Structure formats: C-alpha cells, structure tokens
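Notes follow once the structure below has been shown.
Number of protein chains: 2
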Amino acid sequence: MYGKFLVEGDKLVRELLHSGFKIDAIYSVNDWQMTSHTPDESPDNQLKHVFISENELKKISTHETPNQVVAVVDIPKPKPGAIYTKLNTGLYLACDELNDPGNAGTIIRTAEWFGVDAIFFSENSVDIYNPKVVNAAKGSLFRIPCYYEDLGNIFEANRHLSVYGTFMDGENIYESNLDKNAFVLIGNEANGISHELTPFIHHRISVPAFGKAESLNAGVATGVVLAEFRRR
Amino acid sequence: MYGKFLVEGDKLVRELLHSGFKIDAIYSVNDWQMTSHTPDESPDNQLKHVFISENELKKISTHETPNQVVAVVDIPKPKPGAIYTKLNTGLYLACDELNDPGNAGTIIRTAEWFGVDAIFFSENSVDIYNPKVVNAAKGSLFRIPCYYEDLGNIFEANRHLSVYGTFMDGENIYESNLDKNAFVLIGNEANGISHELTPFIHHRISVPAFGKAESLNAGVATGVVLAEFRRR
Chain A
1 MYGKFLVEGD
11 KLVRELLHSG
21 FKIDAIYSVN
31 DWQMTSHTPD
41 ESPDNQLKHV
51 FISENELKKI
61 STHETPNQVV
71 AVVDIPKPKP
81 GAIYTKLNTG
91 LYLACDELND
101 PGNAGTIIRT
111 AEWFGVDAIF
121 FSENSVDIYN
131 PKVVNAAKGS
141 LFRIPCYYED
151 LGNIFEANRH
161 LSVYGTFMDG
171 ENIYESNLDK
181 NAFVLIGNEA
191 NGISHELTPF
201 IHHRISVPAF
211 GKAESLNAGV
221 ATGVVLAEFR
231 RR
Chain B
1 MYGKFLVEGD
11 KLVRELLHSG
21 FKIDAIYSVN
31 DWQMTSHTPD
41 ESPDNQLKHV
51 FISENELKKI
61 STHETPNQVV
71 AVVDIPKPKP
81 GAIYTKLNTG
91 LYLACDELND
101 PGNAGTIIRT
111 AEWFGVDAIF
121 FSENSVDIYN
131 PKVVNAAKGS
141 LFRIPCYYED
151 LGNIFEANRH
161 LSVYGTFMDG
171 ENIYESNLDK
181 NAFVLIGNEA
191 NGISHELTPF
201 IHHRISVPAF
211 GKAESLNAGV
221 ATGVVLAEFR
231 RR
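Here the protein sequences come in this chain order: A and B. Taken in order, the first sequence gives residues 1 to 232; the numbers are from our numbering. Taken in order, the second sequence gives residues 1 to 232; the numbers are from our numbering.
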C-alpha cells in the first residue's frame, strides 16, 4: 500500500472522519454502520465504504482483536515550496532520529496536549504512519501538523525561534529562561541529538534527576519539558 | 517458571548483578564471560553460570535479537508483617489497576528518576515481572522498591501522608499546594481511579491541557506530576 496508511478501530476512525485526511476507503463489519455511524459524520459523501466479515477484518487488521472497522488513508504529501520557510511565532517540537514507534506516538499525543503548533521529524526518524505510532498517538496524529524535514534547514529558516536542545548534562530547565517562541529539540533514544545540529542550538536544557535512573524515556522527557514551557 | 522472571541482555544483567535480587542462574554465550564479565561483579560466588550457544539463547530469550545473556531471577516474596504499615516520610507512587506493561516499565523508570521512595501497585495491576515491563524499566526495577498491595490499606495505614489523585478534571497542579510527604495516585489507563479509593483522596489534581488531546499517556502524566512535586 504505497502512500497509504491504516487507521483501526471505532474510536480512531471516528476521529479520522473529523480530520482533513483524505480517506481512501473504509472497511467495516455490518454492525458498525448500522449502530453508530451516522452519515453526517462523514465529511465526504463520496467516501468508499465496504462491508466485510469479521474474518476478513481480522486479515487486514494489525490488531489481535480488531475493533469493527479499518480505514485506508492517504499519507499527506509534502507541499512544494514548503510551508516552514517562515513559521509563525509559537511552540514547535523537533525530533532528531526518533526510533521507537511507541515513543513517536506518545510524543505526538503529548505535543497536542500541550498545544504544540507543529512537529518536525528528521528524515531518518521512525515512520509516523506505522500502525504502532498511529495507535499510540490516539488521534492526535490527525490534529497536529507533522512534517519530515531536514531539521537544520528548518532552524536556519526560522532564526526568530530559539532552539532548546534537551541533553543529559544541560542547564537545569527550572533555572533556565524559556522563550515562548521556540523549538524544543528531542534527540535519539540512545545517542541523543546528532552533532550536525549542535550549531543551531541556543540553549542546552535538562530535566534534573533526583534518583539514580540513567535517563528518562523520550516521551516522558518531552512531556516534562513541554509542561514547563507552558507553565511559565 | 513459577516465582521466577527473566532479565535479558548485557546491560540489564550487569545492573541486576549490583542489585539485591536473588539470581537463580545466568545463561550466556561464551563470549560474554570471556570479554566483559569480571568475577568481582558478581555479589555471590555461588552464582550458577551456564554457557550456551547462540541458538539456545534464542530459544529462551523473549527478544527477537537476544543480546548475549539471560538471567533467571527470583520474584521477591512479600515479607510477612508488611513493611508498609508505617512508611517513613517521603514521596510515594501508587498505581491503581495499571494495565499496560510498557506504561508500567516507563513509570518505574520515571519514578526512580524523580527519586520516588517506593511504588505500590494494586493487586489487579499488570505483572511487573513481565519481560516487557522489565525491559521498559531499564534497570530501575532493581533499584526502586515495588510492592503489590491493597492501596486502600496502605493509605489507611499512612495517614501522615497526603494522597494526591490524578484526574482529568482535578485542580490545576500548578495552582495546588503540594506536600513533600505524599502519595501520588495514578489510575487505570482507560477508567481512571476506581471509586473504592475516592474516600482516601485528599487532593484531586490535573495537568492542564493546552490542546485538544483527550488525555495524556499514563507514563507522561506521571512524569509531569512527579516533576512538579520535585521542582517545588
């Protein structure tokens, strides 16, 4: 399914229907349409909706116990003349070589919670249209703009935004000045932020440790940092 | 393997060797001992260490690409005349019917980062000796005391500690008084905190939302709340 991804389950497909994503087709068991899918929920009357058996659903689903419905959706194409050449003021997240699909989903969900304006993933990050990411993101993937881009180019093109890199040995975030208009840059789970991005970083920040744990999970670290940006 | 659990991979087994956990046996490829395992790393000279082939390792490992070594470890038995009857002052985490192994592991790791003194899981929570939890906890499981207990009994027996329940509609945590000596109570991923625990809760707190995401991941919420307790 080149250029497509799957959205699975009643709740997630309903959230999808309210998004701007282009749906290729919906495959559901008979009950789904009958009991809860009302026509006005669909933003597009041309929507292809195919009824299938529980067994057929099991075959196309990536879940062990599929939940009524699967949608096939177009992966959004990057726009020519990229929109990021000049970003508005706001809070943005940048993920450098993020590897784990569960982390990516959690980060997308967390970013939406804290009102992040958009997320930029380096081109060597995990595929965010992977079913594990889609599930862990809990619908936030449909609402928060996500882009794959060269992070250095983005920082370069948006000098009006400060870049805060998260490190193990940075300045204590609770003692740092945090600009409202900023990029929060998260590194790879094992190796942190790549050296090529160092020249773009204005502030090196850390979440202080109170115990002996070696590191924080990438999703948790993102949450704690974004919470602090928003608390101020 | 009744009463035992598995610890896998070079890094995690080394952290295990420095813990007080009782190791039943270590199974490793020849190289592991030869290149990096020095005898003084083992706290117990009686340790049973068996060399096996890569193929045998693959059979006992739960990983797709096992990493040199697997340890079989005794699950700690609860002590008779439980130690929690009167806890010291400190910060404690209580998890009510936590379901997801990845969340449990992340929460254990996060709790250690923020210097939580012990974690109490309700008896219907996920098995923390499940390989997914052990891996996600990244060694913190060996260093932070974890107990399965009736949470109501614990709160009842420790009236000197305030109970902070995390809710979707609680008081903004950034506007709440936070006691240094407290339980932070995290609810089930889908259903929140069970009604039976309501009478024990002194403060209902929330992490304020800035976007439209429906909820925070349990691990991220735990991290943001514990960070705020420690920041003060």
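Even glycine gets a Cβ: it sits at the ideal position worked out from N, Cα and C. A quick note: this is a predicted structure, and the numbers were derived from the prediction, not measured.
Practice task
Please confirm whether Asn67(B) and Gly9(B) have their CB atoms less than 9 Å apart.
Solution key: yes
Problem - Chain-ordered chain B contacts of Ala94(A) [CB-CB under 7 Å] - result: Within 7 Å Cβ-Cβ: nothing; Ala94(A) doesn't reach chain B, min ~18 Å.
Practice task
Give the residues of chain B in contact with Lys132(A), contact being defined as C-beta atoms less than 7 Å apart.
Solution key: The premise fails here: Lys132(A) is roughly 11 Å from chain B at the closest Cβ pair, so nothing lies under 7 Å.
Handout entry: beta strand (DSSP E) runs wholly inside the segment 81-114 of chain B, at least 3 long, in chain order
Key = 91-95
Handout entry: Start-to-end residues for the alpha helix (DSSP H) that takes in Lys77(B)
Key = Segment: none, Lys77(B) is in no alpha helix (DSSP H) and carries neither H nor E.
Practice task
Determine, using beta-carbon pairs with one atom in the segment 7-23 of chain B and one in the segment 128-144 of chain B, whether at least three such pairs fall under 8 Å.
Solution key: yes
Practice task
Kindly list the residues whose CB is nearer than 6 Å to the CB of Thr62(A), restricted to its own chain and excluding five residues on each side of it in sequence; keep chain order.
Solution key: Pro131
Exercise for the section: With 8 Å as the limit, tell me which residues of the segment 211-225 of chain A have their beta carbon closer than that to any beta carbon of chain B; keep them in chain order. Expected result: Gly211, Lys212, Ala213, Glu214, Ser215, Leu216, Asn217, Gly219, Val220, Ala221, Thr222, Gly223 and Val224
Problem - According to DSSP, residues forming a beta bridge with Lys4(B) - result: Asp74(B)
Practice task
May I ask you to report which of helix, strand or coil DSSP gives Asn30(B)?
Solution key: helix
Exercise for the section: Grab the span of the beta strand (DSSP E) containing Leu178(B) for me, first residue to last. Expected result: From DSSP, Leu178(B) is part of no beta strand (DSSP E); its letter is neither H nor E.
Problem - Residue range of the unbroken beta strand (DSSP E) whose run includes Gly192(B) - result: Segment: none, Gly192(B) is in no beta strand (DSSP E) and carries neither H nor E.
Exercise for the section: Taking 9 Å as the cut-off, decide whether the C-beta atoms of Ile201(A) and Leu185(A) are in contact. Expected result: yes
Problem - N- and C-terminal bounds of the beta strand (DSSP E) containing Phe229(A) - result: It is not in any beta strand (DSSP E) - Phe229(A) instead sits in the alpha helix (DSSP H) that spans Ala218 to Arg231.
Problem - Minimum length 3: unbroken beta strand (DSSP E) runs contained in the segment 125-160 of chain A - result: 146-148
Practice task
Could you tell me if His203(B) is buried or exposed, where buried requires 16 or more neighbouring beta carbons within 10 angstroms of its beta carbon?
Solution key: buried
Handout entry: Element boundaries [alpha helix (DSSP H), containing Val13(A)]
Key = Asp10 to Leu17
Problem - Where Gly187(A) meets chain B, residues with beta-carbon distance less than 7 Å - result: The contacting residues do not exist; Gly187(A) stays about 16 Å from chain B at best.
Problem - Coarse secondary structure for Phe200(A), derived from DSSP in three states - result: helix
Problem - Contact with chain B by Met34(A), beta-carbon distance below 9 Å - result: No answer about Met34(A) holds up, because its pLDDT of 43 lies below 50 and its placement is not dependable.
Problem - Below-9 Å beta-carbon distance, Ser140(B) vs any chain A residue - result: yes
Handout entry: Any C-beta of chain A under 9 Å from that of Gly233(B)
Key = Given that chain B is displayed from residue 1 to residue 232, the structure contains no residue 233(B) and the question cannot be resolved.
Handout entry: CB of Trp113(A) within 9 Å of CB of Leu151(B), strictly
Key = no
Problem - Chain-ordered neighbours of Glu112(B) on chain A, where CB pairs are closer than 8 Å - result: Gly211, Lys212 and Ala213
Practice task
Can you tell me which of Asn181(B), Gly211(B) and Phe121(B) puts its alpha carbon nearest to the alpha carbon of Tyr147(B)?
Solution key: Phe121(B)
Practice task
Quick one: list the residues of chain B neighbouring Thr106(A), beta-carbon separation under 8 Å, in chain order.
Solution key: Asn217, Gly219 and Val220
Problem - Closer than 9 Å to chain C by CB, Gly20(B) - result: In the displayed structure, chain C is absent; the protein chains listed are A and B.
Exercise for the section: With a 10 Å radius around its C-beta and 16 neighbouring C-beta atoms as the bar for buried, classify Ser28(B) as buried or exposed. Expected result: buried
Practice task
With Asn67(B) as the anchor, note down where its alpha helix (DSSP H) starts and where it stops.
Solution key: Here Asn67(B) belongs to no alpha helix (DSSP H), and DSSP marks it neither H nor E.
Practice task
Give a yes or no on whether the minimum CB-CB distance between Glu147(A) and chain B is below 9 Å.
Solution key: According to the sequence displayed, residue 147(A) carries Tyr and not Glu. Not one chain B Cβ lies under 9 Å of Tyr147(A).
Practice task
Give the range of the alpha helix (DSSP H) segment to which Ile60(B) is assigned.
Solution key: Glu54 to Ile60
Practice task
State buried or exposed for Ser206(A), treating a residue as buried only when at least 16 other CB atoms are found within 10 Å of its CB.
Solution key: buried
Exercise for the section: Answer yes or no: does any C-beta atom of chain A fall closer than 9 Å to that of Ala136(B)? Expected result: yes
Exercise for the section: Taking the CB atoms as reference points, tell me whether Asn103(A) and Ala190(A) lie closer together than 9 Å. Expected result: no
Practice task
Alpha carbon to alpha carbon, how far is Gly223(B) from Thr110(B)? Give it in angstroms, no decimals.
Solution key: 6 Å
Exercise for the section: Examine chain B for any beta-carbon lying closer than 9 Å to the beta-carbon of Ala227(A), and answer yes or no. Expected result: yes
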